[in-house]
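Quick note on the UniProt record's numbering: the sequence shown kicks off at 1 and runs consecutively.
All residues carry an ideal CB built from backbone N, CA and C; glycine is no exception.
Everything below concerns the one structure shown next.
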Amino acid sequence: MSKWFERHVQILLRESSQLANNSSYRERSQQVGALFVSAGEIIVRLNGTQYFPVAIVYADATPYALPWVYMLNDVLSEDEAKSLAAMSYGEASAFLQPKAKFYYKRHQNHDGNLCLLEQDNLDKAGPETFDANAVIARVRQWLTALLTGAAIPEGTEVELFSHYRLRAPIHVLLTEPFYEVSAGKGIFYLALLLTHVLKRDVLPYVGAYLVNQADSGLFLDDAQQQLPFMPKGLRTPLELVQNESLAKELLETPKLAKGYWWSLQAEPEVYANTDELLTALGTGDLQAGIALAEAALWEELKVNAKYCYIGLRYSNRRGETEWAMLMLIRTRNDHVPLYTSPNVRDLLQNYDVHAVQTEPFTEQQYHLRNSGRVEHAVVREQAVTVLGCGALGGEIADALAKAGVGHIHLVDNQKLFVHNSVRHLAGYEYALRAKVDAVRDILRDHNRFVELNTSGRNILQNELPAYFHAEGIGISSVADDNTEAFLNEQALAHGRTVFYARALRGGKAARIFRVVPGQDACFNCLTLYRADKHADFIDVPEDELLPTLRNECNNPIRPASAADLKLVSALTSRLLLDHLQAEVKVTTNHWVWVSEALPGSKMEATAPFSVLARSMSPHPNCPYCNALRPVQVTIEPAALAFMRNLTLQTAGIETGGVLVGQVGDTGTIHIQHASGPGPNAVRTATRFERDVAFCQGFVDAHTAEGRPYVGEWHSHPNEDNKPSQTDLTSLGMIALQPQYLTTKPIMVIFSRSGVPSCSIHPASAAYYFVTLDELATNA
Numbered sequence: 001m002s003k004w005f006e007r008h009v010q011i012l013l014r015e016s017s018q019l020a021n022n023s024s025y026r027e028r029s030q031q032v033g034a035l036f037v038s039a040g041e042i043i044v045r046l047n048g049t050q051y052f053p054v055a056i057v058y059a060d061a062t063p064y065a066l067p068w069v070y071m072l073n074d075v076l077s078e079d080e081a082k083s084l085a086a087m088s089y090g091e092a093s094a095f096l097q098p099k100a101k102f103y104y105k106r107h108q109n110h111d112g113n114l115c116l117l118e119q120d121n122l123d124k125a126g127p128e129t130f131d132a133n134a135v136i137a138r139v140r141q142w143l144t145a146l147l148t149g150a151a152i153p154e155g156t157e158v159e160l161f162s163h164y165r166l167r168a169p170i171h172v173l174l175t176e177p178f179y180e181v182s183a184g185k186g187i188f189y190l191a192l193l194l195t196h197v198l199k200r201d202v203l204p205y206v207g208a209y210l211v212n213q214a215d216s217g218l219f220l221d222d223a224q225q226q227l228p229f230m231p232k233g234l235r236t237p238l239e240l241v242q243n244e245s246l247a248k249e250l251l252e253t254p255k256l257a258k259g260y261w262w263s264l265q266a267e268p269e270v271y272a273n274t275d276e277l278l279t280a281l282g283t284g285d286l287q288a289g290i291a292l293a294e295a296a297l298w299e300e301l302k303v304n305a306k307y308c309y310i311g312l313r314y315s316n317r318r319g320e321t322e323w324a325m326l327m328l329i330r331t332r333n334d335h336v337p338l339y340t341s342p343n344v345r346d347l348l349q350n351y352d353v354h355a356v357q358t359e360p361f362t363e364q365q366y367h368l369r370n371s372g373r374v375e376h377a378v379v380r381e382q383a384v385t386v387l388g389c390g391a392l393g394g395e396i397a398d399a400l401a402k403a404g405v406g407h408i409h410l411v412d413n414q415k416l417f418v419h420n421s422v423r424h425l426a427g428y429e430y431a432l433r434a435k436v437d438a439v440r441d442i443l444r445d446h447n448r449f450v451e452l453n454t455s456g457r458n459i460l461q462n463e464l465p466a467y468f469h470a471e472g473i474g475i476s477s478v479a480d481d482n483t484e485a486f487l488n489e490q491a492l493a494h495g496r497t498v499f500y501a502r503a504l505r506g507g508k509a510a511r512i513f514r515v516v517p518g519q520d521a522c523f524n525c526l527t528l529y530r531a532d533k534h535a536d537f538i539d540v541p542e543d544e545l546l547p548t549l550r551n552e553c554n555n556p557i558r559p560a561s562a563a564d565l566k567l568v569s570a571l572t573s574r575l576l577l578d579h580l581q582a583e584v585k586v587t588t589n590h591w592v593w594v595s596e597a598l599p600g601s602k603m604e605a606t607a608p609f610s611v612l613a614r615s616m617s618p619h620p621n622c623p624y625c626n627a628l629r630p631v632q633v634t635i636e637p638a639a640l641a642f643m644r645n646l647t648l649q650t651a652g653i654e655t656g657g658v659l660v661g662q663v664g665d666t667g668t669i670h671i672q673h674a675s676g677p678g679p680n681a682v683r684t685a686t687r688f689e690r691d692v693a694f695c696q697g698f699v700d701a702h703t704a705e706g707r708p709y710v711g712e713w714h715s716h717p718n719e720d721n722k723p724s725q726t727d728l729t730s731l732g733m734i735a736l737q738p739q740y741l742t743t744k745p746i747m748v749i750f751s752r753s754g755v756p757s758c759s760i761h762p763a764s765a766a767y768y769f770v771t772l773d774e775l776a777t778n779a
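Below you can see the structure in the form of C-alpha cells.
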C-alpha cells in the first residue's frame, strides 16, 4: 500500500508549509521517507525567548492519527532526522526514547511523547483531524504552563499512570472499600488475582483489604467482616491477626502484597523522585512528609525491602474519591540504614518511583458501559431462572450476567461434551462437566457482582419450586415440546412468568414468546392457535433441507451455527432486559425473527433480518389459562347462616359438608345450599370425614333440580381458616374427577369463631382466595 503522503498529497504540502513557516516553531530539518519527520524547536516567548527541542513524527495513519511529538534533550542533526524518517514507528520510538527529555508532568507519556489533543470520532460527519499549527500551539501552551506553574487546560479525566516514565508490571483492581473509606491513612493488602493464565507480563492484583488508621494509632477495619479476595485463611480481619505467620509467609511471595496509604488534600502530580513524593505527603512540607513515611515505612526500609507499595487517596475534579498507586522499587544501594536514627529520606533515594495502573472494581463502575441501555439499579434487584444451558441458554445467561442482572439461577441436567463447544459458550476445557457448572464459572469470570446458583434437576421429574428461583422470571431455551409443555403447566399453576425461545429452520428463524399467567397466550394456547390457523399466529415451516442431524435417547441434535444462535440469544436477551426494566409491562408478547423471506407463509413479503411482533391473548379453550381467571362467588344468606351455626354449636370440634348451587355463563358461582356432615361423619378436634353416602344423596337430589355440586365446606378447631395440605390434596383430586362436574371446586373454611374464608382450587393451577359475597335478603 502506498504511503499516506502519496495518497494525501495536499495534506503533506499543508503540513510541510506550516512546519516551515510557523512563528512558534524553528524547523531545523524536514525529511520524507517511510515516515514524514520534522526536527526543530518550539519557541516560547516568556521573560525572554526559550527553545525546546522536539521531533514531530507523522506515521502511516496520518491524517487520521495525530503526529507524535517527542520532547528531546537536543535537536536532532540532519543525519539523525534522515535516519529517523527511514524507520518504522516501532524503530522510531526506540530511537527517540533515549533522547527524550522528561519533564515529569501530565501529558508526557512514558516514552517522552506528548498526548495533548483528544479526538472523539464516534459517528461524526467525518474524522476529526488537526493540522501542524494546532499541534504546535498546543505544545507551546503546555510548555508555557510548565514555565509559569499555571494549570494545564484539560478535561476532568486524569490518567496519571500514562504520564509516568517508569511503570510497575502490575495492574490493581480497587474494590468498594477503597472508595468508601474516609480521609486518613493506613495500610492495604493486594491479592494476586490469577484465573487461567499463570504467566503474564503484567500481574493482576485486587485490592483485598483496606484499613484506616486513626490518629490514636489504632487500626479500624471499617466494618469489613468478609474479605473474599484475600488468600484462604486470611478472609476476615480476625483471621489476619490469628494467622500472622501465614500472612508473613505469603508476603514473601507474589500472592500477597502490603502497602501504605495517605489522603492528599490536592490532586497528585507526576513524581520524578521520592523527595517530591515526600513533599506531597507533607502537603508541601518535606520534613512533615518524612515524619509520615518514617512512621509507616521504617520497618521495611531498614531491612532493604525490594519494593514498597504506596497509595494516595484524593478527590478528583468531579469531587469523587480517586487513587494513585505507586510502587517504589529499590534499584540502588547508595544509602544504608542508620539504626541510631531512622534515615528514611536517604534510604528512599535508593528507590525509583514507578506508577501502578489501577481501575475501579466497584459494582457501579463495572457496569458503567451498560449505561443508558441497562438501568443497573433496576436489574440488579431482578432474578432470572435460565432453563436450559445449551448453545442458546448459555449465551442468554452470559448476556444477562454482563448486563448486571442481580440473581441468575441456571437449570440443566446435562453434561457438556467436546462437540458442544462448536456452538456453546464453554470451550472444550469444560468437557464432561455439568453445563450449569461450566456456564456458572464463565459468568463468574464475566461479572463477580452477580449472584449465581445452579440446579441439575430434570424439569420433567420435579415440581417447579425445586428448581425455579423463588423470585423473578424464567427463560426456557430447552426447545423440547414435552418438557416445555410441562414447564408451562407448572409455571401457570405457580403464577410465574416465563419467556420461551427457540431457533427454527436451522437457526435462520426464531420464535420468542412471553407467558405472563392470565395475561399472555401460554404454550398450550399457541398450540391451539396453530391448529386453528389463527390469523395472528405466525407459522414458521421447517426447512426440509435442514433435518434433525441425529436423535440419541430422545436428545435431538438440530443444525444451526454459532453465528445464528448468537443472533437469537442476543435478541432474546434484549427482550428480557426490556421486560425487567419496564415500569409498565408491554402487551406485545410474541416475536418471530427471520433472516430470509418465507414463500407461502405470512412472512413471504418480509424483508430479511426482520422481527414480526404480536400480542396474543389466552385461547378461549385453553384449560390452563381459563383456570386462572378470577371467579366471583356469591352465597345465599341462609346457606351461610347454616354453616356458621353448625360451626359455633360445636366450636373446637370439626364439622362440614358439601356445597351445591349454580355456575353462570361467565363462570360466576352461586352457593345456594350447604349440607351438614351426615349422621355417620367422623368429627374430632383434629379430624373430619364427612358421611359420604349422606352427602352424595344430598348432591344427587339437588343436581336433579339443577343445582350441581360446587365445592366443600368445613370448620377448623382454632382461628386459622386457611386450607391445610390435606384440604389442598382433597380439592385437587376433586377438580380432576369428571363425576364432580367442576374443574374449579370451592373451599369454604370457618374458624372456631365462625369467620369464613373462601378459596378456588382450579385443576392444574394454584388455588387462590376470593371474597365470599353474601346476597342481600329480600325485604
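- Annotated three-state conformation of V374 is coil, per DSSP.
- Residue state for M643 is assigned as helix, using DSSP reduced to three classes.
- In this structure, F486 and I442 do not form a Cβ contact; the two beta carbons are roughly 28 Å apart against a cut-off of 8 Å.
- Cβ-Cβ separation between G661 and V631: approximately 12 Å, too far for a contact (criterion under 8 Å).
- Counting along the chain, no alpha helix (DSSP H) covers H761, and no H or E run does either.
- The criterion of a C-beta distance shorter than 7 Å is not satisfied by V422 and A403.
- For R574, the enclosing alpha helix (DSSP H) covers residues 562-581.
- Per DSSP, reduced to three states, the secondary structure at Y500 is strand.
- With respect to the C-alpha of Y260, the residue from A272, Y351, Y209, K248 having the closest C-alpha is Y209.
- By the C-beta criterion, the stretch 430-442 is judged not to be in contact with the stretch 351-369, since fewer than 3 inter-stretch pairs fall below 8 Å.
- Minimum Cα-Cα distance from Q519 among the listed residues L775, A627, Q265 corresponds to A627.
- Remark: three or more beta-carbon pairs, one from each stretch, lie closer than 8 Å, so the stretch 507-514 and the stretch 560-571 are flagged as touching.
- Here T497 has I473, V516 as same chain residues with Cβ atoms under 6 Å from its own Cβ, once five neighbours each way along the sequence are excluded.
- Look at R457 here: in three-state DSSP terms it is coil, with no helix or strand label.
- Distance check between Y309 and each of A293, F36, S315 places A293 closest, using alpha-carbon atoms only.
- DSSP, reduced to helix, strand and coil, places G711 within a strand of the structure shown.
- For I152, there is no enclosing beta strand (DSSP E), since its DSSP letter is neither H nor E.
- As a beta-bridge residue in DSSP terms, K258 pairs with Y189.
- The stretch 744-755 and the stretch 607-615 do not touch, with fewer than three beta-carbon pairs separated by less than 8 Å.
- Where L425 is concerned, there is no enclosing alpha helix (DSSP H), because DSSP gives it neither an H nor an E.
- Two segments are said to touch when three or more pairs of C-beta atoms, one from each, lie closer than 8 Å; by this definition the stretch 23-41 touches the stretch 82-90.
- For L348 and L301, the gap between their C-alpha atoms comes out near 8 Å.
- Residues of the same chain with a CB within less than 6 Å of the CB of V206, apart from the 5 flanking positions on each side, are L173, A191, L193, F229 in chain order.
- In this structure, the alpha-carbon of R690 lies about 50 Å from that of G406.
- Of the candidates V75, H107, H8, H8 places its Cα closest to the Cα of A59.
- Secondary structure of L659 (DSSP, three-state): strand.
- Cβ contact annotation for A272 (same chain, cutoff 6 Å, sequence separation greater than five): Y104, in chain order.
- Only residues of its own chain outside the window of five on either side were considered, and among them Q265 have a CB closer than 7 Å to the CB of T283, listed in chain order.
- Just so you know, the alpha carbons of L464 and S615 end up roughly 26 Å apart.
- Spanning the alpha carbons of F769 and A535 requires a straight line of approximately 36 Å.
- Counting only residues of its own chain and dropping the five nearest sequence neighbours on each side, A86 has a CB closer than 7 Å to the CB of G33, A34.
- For E41, there is no enclosing alpha helix (DSSP H); the residue is found in the beta strand (DSSP E) stretching over 36-45.
- The beta carbons of I512 and L571 sit about 7 Å from each other, so the pair counts as a contact at 8 Å.
- Excluding the 5 residues flanking it on each side, F523 has same chain C-beta neighbours closer than 7 Å at E484, A485, N488, Y500, V515, in chain order.
- Between V344 and L297 the beta-carbon gap is near 6 Å, inside 8 Å, which marks them as a contact.
- Counting along the chain, no beta strand (DSSP E) covers P679, and no H or E run does either.
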